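Report on the following structure.
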Amino acid sequence: MGQRDWIVGVDVGGTTVKIGIISAEGDIQSKWEIKTDKTDGGQRIMDDVWTSIDQKLAEAAIPASQVLGIGMGAPGFIDGETGYIYEAVNIGWKEYDLPAHLKGLSGLPVFVENDANVAVLGENWKGAGRQEKNVIAITLGTGVGGGIIANGEIVNGANGMAGEIGHMTIEKNGKPCNCGRYGCLETIASATGIVRQALDIIKAGNSSGMLMEHYQKHGDITTKDIFQFAAAGDKEATSIIEYTADILGMVIANMGTIINPSRVLIGGGVSKAGNQLLDEIQAAFNKYALERVKEICGMRIAELGNDAGIIGAAFLVKQKLLHVTF
186 MGQRDWIVGV DVGGTTVKIG IISAEGDIQS KWEIKTDKTD GGQRIMDDVW TSIDQKLAEA
246 AIPASQVLGI GMGAPGFIDG ETGYIYEAVN IGWKEYDLPA HLKGLSGLPV FVENDANVAV
306 LGENWKGAGR QEKNVIAITL GTGVGGGIIA NGEIVNGANG MAGEIGHMTI EKNGKPCNCG
366 RYGCLETIAS ATGIVRQALD IIKAGNSSGM LMEHYQKHGD ITTKDIFQFA AAGDKEATSI
426 IEYTADILGM VIANMGTIIN PSRVLIGGGV SKAGNQLLDE IQAAFNKYAL ERVKEICGMR
486 IAELGNDAGI IGAAFLVKQK LLHVTF
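Mind the numbering: the sequence shown is residues 186 to 511 in this note's numbering, read in order.
Structure follows, in structure tokens:
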């Protein structure tokens with residue numbers, strides 16, 4: 186391949202950093218993971234990342250002159266224009282000019298965005314989004330992440346907070362959230378929130394079904410268990426899934442009046458429940474959405490899994506340097 190035909194995509198997580206060498210067309214040449222070293226406020230992470238990239242580029246016989254740049258998704262509050270990280274609680278970064286640090290190490294252009302935004306770029310470029318211009322992506326994992334593409338561009342807002350879907354207030358007097366507020370979507374629709382709903386039922390002593398039986402036997406319960414029990418017809422598990430999906434469908438319908446998307450993507454670990462969850466969310470969305478919002482909007486489970494971040498990070502570089510849009 187010729188000049189500047191490779192891009193390095195990096196997806197920083199709380200446990201591991203996923204890294205990939207990706208072609209300008211979005212094909213993964215190689216991908217790997219390294220451990221996220223969170224000691225000393227995460228100061229060594231970028232040094233570890235560049236050491237690893239440098240080694241893999243050498244192994245692949247790709248000189249730095251053939252690399253267009255490095256794109257990165259990272260958790261936390263990030264300035265989408267500059268990549269400056271105000272705070273990444275799960276990593277330990279605070280007031281950190283990550284792009285300048287990594288650029289100093291690598292000599293390459295570096296661009297950083299919030300990880301949920303980068304994931305939606307990846308899904309829209311090479312996954313379930315199919316390069317639509319108006320897309321909402323919701324990631325249901327330990328928390329609830331969100332990314333919005335409007336008119337072909339990621340929506341960042343005035344200081345990087347646009348698309349923080351997980352922190353929409355759903356229950357005014359709801360459960361405490363990690364953000365310090367109460368009743369956020371994340372307290373209901375994340376894996377943690379779904380398990381918490383089950384534990385509330387168990388601890389209230391009202392459970393007579395599979396939830397209580399499983400909890401008494403194993404001392405814990407997972408989202409996978411809850412979906413399995415719902416599929417087996419357990420009423421309590423079914424009510425949890427229905428309530429969660431109803432809330433998500435309502436949130437998406439409300440967002441639909443602002444974004445008017447042609448595609449909604451549901452990803453993250455909870456989405457592994459597949460159609461069992463998607464069908465319920467779709468039904469709730471249909472119940473709450475305006476007719477014209479509903480008729481243009483398709484709902485899909487995200488397709489790229491753990492690769493969405495590194496592929497989206499590569500697209501970020503193309504967007505910033507080559508001014509490519511959807």
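Where is the CB? At the ideal position from N, CA and C, for every residue including glycine.
Note that this is a predicted model, so its numbers are computed, not measured.
Minimum C-alpha distance to residue i - residue among the options
i: P361; options: I386, F414, G328, A347; result: G328
i: I206; options: A347, Q214, L396; result: Q214
i: L433; options: A347, V455, G494, A416; result: V455
i: I357; options: I443, W217, A417, C369; result: In the sequence under discussion, the amino acid at residue 357 is Lys, which differs from the Ile named in the question. With distances taken between Cα atoms, K357 lies closest to C369.
i: R492; options: T200, G199, W217; result: First, the residue type needs correcting, since residue 492 is Asp and not Arg in the sequence shown. Out of T200, G199, W217, W217 has the C-alpha closest to the C-alpha of D492.
i: E280; options: K318, E244, Q228; result: Q228
i: D464; options: I481, I443, D431, G441; result: D431
i: D300; options: V320, G331, N319; result: G331
i: G490; options: A322, E266, W278, D264; result: A322
Cutoff 8 Å; reference residue i; Cβ partners in own chain excluding five residues on either side
i: L283; result: M231, M257, A259, G268, Y269, I270, V295, V297
i: F412; result: A422, I426, A458, Q461, L462
i: V380; result: I406, T407, T408, I411
i: L475; result: A438, G441, T442
Straight-line gap, residue i to residue j (C-alpha atoms, nearest Å)
i: E308; j: T224; result: 32 Å
i: A209; j: D190; result: 5 Å
i: G359; j: L384; result: 15 Å
i: F470; j: A304; result: 23 Å
i: A416; j: G351; result: 26 Å
i: T408; j: G326; result: 10 Å
i: Y473; j: I255; result: 41 Å
i: E317; j: F511; result: 7 Å
i: M186; j: K241; result: The pLDDT assigned to M186 is 47, lower than 50, so where the model puts this residue is not dependable, and the model offers no usable value.
i: S237; j: I219; result: 8 Å
Contacts around residue i, its chain only, beta-carbon distance under 7 Å, and the 5 residues preceding and following it disregarded
i: L306; result: I339, G497, F500, L501
i: G292; result: A249
Close Cβ partners of residue i (< 6 Å) along its chain, the five nearest in sequence each way excluded
i: G452; result: T324, A487
i: F262; result: Y271, E272, G345
i: D196; result: K203, G258, G494, I495
i: G483; result: R448
i: I192; result: I207, L253, A499, V502
i: L290; result: W235
i: A347; result: V340, N341
i: M467; result: Per the sequence shown, the amino acid found at residue 467 is Gln instead of Met. The residues are M484.
i: N302; result: G332, I339
Short CB-CB distance (under 8 Å) between residue i and chain B
i: D464; result: Of the protein chains in the structure, only one exists, and it is not chain B.
Mind pulling the beta strand (DSSP E) runs of 3 or more residues that sit fully within the stretch 243–277?
For secondary structure counted as the beta strand (DSSP E) over 3 or more consecutive residues, the stretch 243–277 holds these complete runs in sequence order: 252–259, 270–273.
Just checking, does the stretch 310–322 make contact with the stretch 442–452 on the three C-beta pairs under 8 Å criterion?
yes
Within the stretch 417–495, note down every full alpha helix (DSSP H) run reaching 4 residues or more, in order along the chain.
420–444, 460–473, 476–481
My parser needs the beta strand (DSSP E) runs of 3 or more residues fully inside the stretch 295–327; what are they?
295–299, 320–325
Please give the ranges of any alpha helix (DSSP H) in the stretch 351–423, keeping only runs that are unbroken, at least 4 residues long and fully inside the region.
Taking only runs of at least 4 residues, the alpha helix (DSSP H) segments lying wholly in the stretch 351–423 are 371–374, 376–388, 395–403, 408–416.
Any contact between the stretch 392–403 and the stretch 364–380? By contact I mean 3 or more CB pairs, one from each, below 8 Å.
no
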